[in-house]
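K.L.:
Sequences listed follow chains Y and D, in order.
Sequential numbering from 1 applies to the first sequence in UniProt numbering.
Sequential numbering from 1 applies to the second sequence in UniProt numbering.
Cβ atoms here follow ideal geometry from the backbone N, Cα and C, with glycine treated the same way.
If you're wondering where the values come from, they're calculated on a predicted model, not measured in any experiment.
There are 2 protein chains.
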Amino acid sequence: MNLTTGASVPELLALDNIRTQLIRLEDTIIFSLIERAQFARNKRIYEAGAFEAEMGSQEPLLNWFIRETESFHAKARRYTSPDEHPFTPRELLPTPVLVPMDFPPLLHVPAASHPSVNVNDSILDFYVRHIVPGITKDKDDGNYGSSATRDVEVLQALSRRIHFGMFVSESKFQSAPADFIPHILANPPNKDALAALITKPAVEARLLARLANKAKVYGCEMDADGHVIEDTATRIDIKAVVALYHDWVIPLTKEVEVDYLVHRLDEVPQSQIDEWMGTA
Amino acid sequence: MNLTTGASVPELLALDNIRTQLIRLEDTIIFSLIERAQFARNKRIYEAGAFEAEMGSQEPLLNWFIRETESFHAKARRYTSPDEHPFTPRELLPTPVLVPMDFPPLLHVPAASHPSVNVNDSILDFYVRHIVPGITKDKDDGNYGSSATRDVEVLQALSRRIHFGMFVSESKFQSAPADFIPHILANPPNKDALAALITKPAVEARLLARLANKAKVYGCEMDADGHVIEDTATRIDIKAVVALYHDWVIPLTKEVEVDYLVHRLDEVPQSQIDEWMGTA
């Protein structure tokens, strides 16, 4: 999110603004998947102990790449931004060298809860188990570093996309808090009702159709003059890109959205809740 | 270059194989330029001293990003590959944690000369002074980390593309050494003649046309359903991409190619030269 452009909180949380960013992230995700797909699966990258002799640990090579990349990005204050979530536990990351920026308070972050919802473990798991096999050939071409570098880029883009759900939730909550509050205050909270309030099947269907079209454009073959050869998309499996969103990105985003809503009233004064409910 | 797929040296040095890799790199370069262009120019990234209070040095932020990224990649043995050249002086980079792979001896590397031709200083200079201004809006949106991360990706791809010229030179030299040898042995070496031997104006013209078409496809606007809106390419300036290659990538590649050829006979026994010349 362009959090630093001087836009006001209502502007930043406007659903149109959020949607624009989510749509732009689709391109980043497809680009990075195409970049990864030029290399073989190279499954050693993901196996515990495959590089134990050299690394001195059982850690999979990819996890080393993630941690090293995030360690530097932490120094460059990446994870002080409310739309960025590291895969590495925050306590293992260095403190920022650059002074963190002042971000407007866009999200409700209760002091007692975790700093924020974080589904990165799930993202890493489905990426390695389902996405990489779906977009690569089951071979080993030895390009471990090149592949793992692209993996980190895909993972960071997916994480950003999925955790953006918190902004979606906040935006929708603010536009009609009284719709959400009874389901949040139910004991236990009514997660199905909360999910129903933020789910727009027509928007999801359109998203999947758009993704397929984008993957087709970006993954096309071109001749030596750069002209698109129609009906080729051999550089990325279009079905795999659509399945990525259908099976993983959309459901996990919903999990993030609902989890955020469940904690939306934590530490909120009763007087504020009464005001939202019109019972003040 | 997929140096590790078990292909033989003649296969790896076949001009068709090299061209395929160069064409694939065009897509990587355009993708990464589009990713950079979504952010503002953010010229503070490139200014010496802009972050001095925090970093404790005059170093531009981008240079810090390059050095930190390359330090990790060095540990992951990136710069032991003959097609990879760091921007950071090699002596400042850590030694590889991963055991370097055995690469086939594709290039002629005289022991007395620098490890290899390296024009990265020129690449960084033209990128900051000409390319970034050509693809971004002259604004500051505060997204310094996101921008600098993309800068590093563009720079690494450009460096790989330009230094690939050494493989082109070696391939062409091997196919007709007697054509090159007199110009290499001239005192001083006849660089113009060497350049003429490796220059194919028709190939260059086709490359520039292909690039424009690719930038048009990848930089297109799409509607909410992912359909291309014809004759839009607002995400990247097509002319800037073509100029990047015309003004910088092609001339610098030629510099790398000629410089490689000038040193191609260093430490080569006279008997080998005689054999190539048919005078043995």
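Which residues, in chain order, does the region 121–132 of chain Y contribute to contact with chain D at a C-beta distance below 9 Å?
P.N.:
Those residues of the region 121–132 of chain Y that come within reach of chain D (Cβ to Cβ, closer than 9 Å) do not exist; the list is empty.
K.L.:
Select from Y:232, Y:180, Y:191 and Y:239 the residue whose C-alpha is nearest the C-alpha of residue 209 of chain Y.
P.N.:
Nearest option by C-alpha distance: Y:239.
K.L.:
In chain order, what residues of the same chain have a beta carbon less than 7 Å from the beta carbon of residue 211 of chain D, not counting five sequence neighbours either side?
P.N.:
Here the set comprises 26, 241, 242 and 245.
K.L.:
Which residues of chain D have a Cβ atom closer than 8 Å to the Cβ of residue 24 of chain Y, listed in chain order?
P.N.:
What residue 24 of chain Y touches in chain D: 38.
K.L.:
What are the start and end residues of the alpha helix (DSSP H) that includes residue 70 of chain Y?
P.N.:
61–75 is the span of the alpha helix (DSSP H), which, as asked, contains residue 70 of chain Y.
K.L.:
In three-state terms, what does DSSP make of residue 109 of chain Y?
P.N.:
Residue state, collapsed to three classes: coil.
K.L.:
Is there a Cβ of chain D sitting closer than 8 Å to that of residue 246 of chain Y, yes or no?
P.N.:
Judged by the 8 Å Cβ criterion, residue 246 of chain Y is not in contact with chain D.
K.L.:
Among all the DSSP beta bridges, which residues are the ones paired with residue 228 of chain Y?
P.N.:
According to DSSP, residue 228 of chain Y bridges with Y:222.
K.L.:
On a CA-only basis, which of Y:162, Y:264 and Y:104 is nearest residue 12 of chain Y? Give me that one, please.
P.N.:
Cα-wise, what sits closest to residue 12 of chain Y is Y:104.
K.L.:
Mind listing the chain Y neighbours of residue 98 of chain D? Cutoff is C-beta to C-beta under 9 Å, in chain order.
P.N.:
Ordered by position in chain Y, the residues that pass the 9 Å Cβ test against residue 98 of chain D are 51, 54, 55, 61, 144 and 145.
K.L.:
Please confirm if the region 156–164 of chain Y is in contact with the region 117–129 of chain Y, defined as three or more CB-CB distances below 8 Å between the two stretches.
P.N.:
Yes: the two stretches touch, three or more of their Cβ pairs being nearer than 8 Å.
K.L.:
Report yes if the CB atom of residue 20 of chain Y is closer than 8 Å to the CB atom of residue 157 of chain Y, and no otherwise.
P.N.:
No, Cβ-Cβ distance for residue 20 of chain Y and residue 157 of chain Y is not below 8 Å.
K.L.:
Please name the residue in D:231, D:36 and D:198 whose C-alpha comes closest to that of residue 287 of chain D.
P.N.:
This structure cannot settle anything about residue 287 of chain D, because the visible part of chain D is limited to 1 through 280.
K.L.:
Buried or exposed for residue 57 of chain Y, please, with buried defined as at least 16 other CB atoms from any protein chain shown within 10 angstroms of its CB.
P.N.:
Label assigned to residue 57 of chain Y: exposed.
K.L.:
Between residue 219 of chain D and residue 206 of chain D, how many whole angstroms is the CB-CB distance? I'm expecting something under 8 Å.
P.N.:
Contact flag wrong, Cβ pair sits at about 20 Å.
K.L.:
Anything in the region 216–234 of chain Y with a Cβ closer than 9 Å to a Cβ of chain D? List those residues in chain order, please.
P.N.:
Going along the region 216–234 of chain Y in chain order, one finds 216, 217, 218, 220, 222, 223, 224, 225, 226, 227 and 228 with a Cβ nearer than 9 Å to chain D.
K.L.:
So what does DSSP say about residue 278 of chain Y, is it helix, strand or coil?
P.N.:
Three-state result, residue 278 of chain Y: coil.
K.L.:
Check whether the Cβ atoms of residue 80 of chain D and residue 152 of chain D lie closer than 8 Å to each other.
P.N.:
Not closer than 8 Å, so no.
K.L.:
Taking DSSP as the reference, what is the three-state secondary structure of residue 272 of chain Y?
P.N.:
Correct three-state label for residue 272 of chain Y: helix.
K.L.:
I want to verify the contact list: residues of chain D whose CB lies under 9 Å from the CB of residue 213 of chain Y, in sequence order.
P.N.:
Near residue 213 of chain Y (Cβ distances below 9 Å), the residues of chain D are 222, 225, 226, 227 and 228.
K.L.:
How about residue 76 of chain Y: is its C-beta nearer than 8 Å to some C-beta of chain D?
P.N.:
Closer than 8 Å to some Cβ of chain D, the Cβ of residue 76 of chain Y qualifies, so yes.
K.L.:
How big is the Cα-Cα spacing for residue 174 of chain D and residue 181 of chain D?
P.N.:
Each residue's Cα considered, the two are about 11 Å apart.
K.L.:
Residue ranges of each alpha helix (DSSP H) run of no fewer than 4 residues wholly in the region 120–184 of chain D, ordered along the chain?
P.N.:
As far as the region 120–184 of chain D is concerned, its whole alpha helix (DSSP H) runs of at least 4 residues are 120–126, 132–135, 144–163 and 165–175.
K.L.:
Please state whether DSSP places residue 88 of chain D in a helix, a strand or coil.
P.N.:
Residue state, collapsed to three classes: coil.
K.L.:
Less than 8 Å between the beta carbons of residue 169 of chain Y and residue 260 of chain Y, yes or no?
P.N.:
In this structure, residue 260 of chain Y lies closer than 8 Å to residue 169 of chain Y by Cβ.
K.L.:
Going by C-alpha to C-alpha distance, which of D:172, D:215 and D:187 sits closest to residue 195 of chain D?
P.N.:
Cα-wise, what sits closest to residue 195 of chain D is D:172.
K.L.:
For residue 73 of chain Y, which residues in chain D fall below 8 Å Cβ to Cβ?
P.N.:
Within 8 Å Cβ-Cβ: 145 and 149.
K.L.:
I'd like the list of long-range same chain contacts for residue 178 of chain Y, defined as Cβ closer than 7 Å, with 5 residues on each side in sequence excluded.
P.N.:
Excluding sequence neighbours, residue 178 of chain Y sits near 276, 277 and 278.
K.L.:
Going by DSSP, what residue range makes up the alpha helix (DSSP H) through residue 251 of chain Y?
P.N.:
First-last of the alpha helix (DSSP H) with residue 251 of chain Y: 250–262.
K.L.:
Applying a beta-carbon distance threshold of less than 7 Å, which residues of chain Y neighbour residue 28 of chain D?
P.N.:
Under the 7 Å cutoff, chain Y gives 35.
K.L.:
Does DSSP put residue 103 of chain Y in a helix, a strand or coil?
P.N.:
If DSSP states are grouped into helix, strand and coil, residue 103 of chain Y belongs with coil.
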